[in-house]
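Trainee:
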């Protein structure tokens with residue numbers, strides 16, 4: 040199945056979960072439970088709305104602590120009505136998350152069980168604890184099985200499905216390929232580095248994709264730096280394209296244009312761009328015209 044359809048199904052599932060939590064909040068009589076269920080609904084809804092606004096889904100960031108904390112708090116304040124939600128811990132531990140977060144989730148699951156077993160007879164509490172431990176272990180086993188897949192996703196070359204946004208590693212590969220093509224064929228190519236504020240980076244990606252040719256891509260070097268390869272018929276046409284592109288961006292930025300015919304290290308040029316005072320630097324710089 041194509042990635043964009045998986046993303047739509049995922050968004051639909053998040054919206055459905057938000058509606059379910061909102062419905063549960065309308066039925067709850069305890070004010071803390073209403074607040075927690077409402078927060079859970081808002082979190083799922085916000086996740087569904089902004090999942091494509093991130094340059095990379097944060098599989099290695101502790102966002103999973105949000106649903107875990109909400110679930111633990113809900114089971115603590117209203118165990119009688121929502122005690123059956125205890126088994127959701129098996130699902131939460133299967134989510135992609137940093138290794139250090141798994142003991143935290145396990146501790147919250149144990150705290151939830153401790154609160155629920157207080158309303159049960161000892162035998163029932165022990166049985167629930169054993170069953171909870173079993174399903175959490177099954178969830179951990181599934182998480183370990185999927186971890187190589189998640190790690191591969193975190194290192195993927197295309198940062199967003201359906202968008203021409205690629206990683207630094209892909210740019211290095213494309214630079215080598217385009218340099219070889221420039222040596223064999225008669226056309227002009229240049230690397231254009233763009234630096235803006237982090238909050239403007241994602242809007243700038245969408246703007247660049249809309250203003251580049253269909254076969255030209257955008258690359259993310261860090262949270263503030265983007266790059267693209269401009270392919271033109273000749274140097275004059277390349278200058279016109281670059282000047283037109285840099286004339287209209289709706290956000291302030293600094294740019295550095297490097298002719299692929301000249302050998303420049305990407306890491307050095309990226310650091311030079313971060314220290315650059317001018318809005319635009321062209322390498323090699325155009326020669327001054329001698330009118331003598």
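Numbering (my numbering), first residue to last: 40 to 331.
Don't be surprised by glycine CBs; every beta carbon is placed ideally from N, CA and C.
With 16 other CB atoms within 10 Å as the buried threshold, where does residue 176 fall?
Mentor: Label assigned to residue 176: exposed.
Trainee: Taking the straight line between their C-alpha atoms, what separation do you get for residue 323 and residue 202?
Mentor: Cα to Cα, residue 323 sits roughly 31 Å from residue 202.
Trainee: Using only the alpha-carbon positions, how far apart do residue 226 and residue 246 sit?
Mentor: Looking at the two C-alpha atoms, the distance is approximately 25 Å.
Trainee: Do residue 204 and residue 266 have their beta-carbon atoms positioned less than 8 Å apart in this structure?
Mentor: No. Outside cutoff.
Trainee: Quick one: what does DSSP say residue 226 is sitting in, helix, strand or coil?
Mentor: Reduced to three states, the DSSP call for residue 226 is coil.
Trainee: Could you have a look at residue 293 and say whether DSSP puts it in helix, strand or coil?
Mentor: The answer is strand: DSSP assigns residue 293 an E or B state.
Trainee: Considering only the alpha carbon of each residue, which of 121, 102, 295 and 169 lies closest to residue 138?
Mentor: When only C-alpha atoms are compared, the closest one is 102.
Trainee: With distances taken from CA atoms, which of 146, 61 and 221 is nearest residue 302?
Mentor: Comparing Cα positions, the closest option is 221.
Trainee: Classify residue 132 as helix, strand or coil using the three-state DSSP reduction.
Mentor: Coil, per DSSP.
Trainee: If you count every other CB in all the chains shown that lies within 10 Å of the CB of residue 317, and 16 or more means buried, which is it?
Mentor: Result: exposed.
Trainee: Considering residue 259, what are the terminal residues of the beta strand (DSSP E) in which it resides?
Mentor: It spans 257-259 - the beta strand (DSSP E) in which residue 259 sits, taken as one unbroken run.
Trainee: Would you mind working out which of 287, 308, 290 and 291 sits nearest residue 297, comparing C-alpha positions?
Mentor: Of 287, 308, 290 and 291, the residue nearest in Cα terms is 308.
Trainee: Tell me the rounded alpha-carbon separation between residue 256 and residue 268.
Mentor: Computed Cα separation, rounded: 7 Å.
Trainee: Would the beta-carbon of residue 88 fall within 8 Å of that of residue 155?
Mentor: For residue 88 and residue 155, no; Cβs fall outside 8 Å.
Trainee: Assuming residue 77 contacts residue 64 (C-beta within less than 8 Å), just tell me the rounded distance between them.
Mentor: That pair is a contact at about 5 Å.
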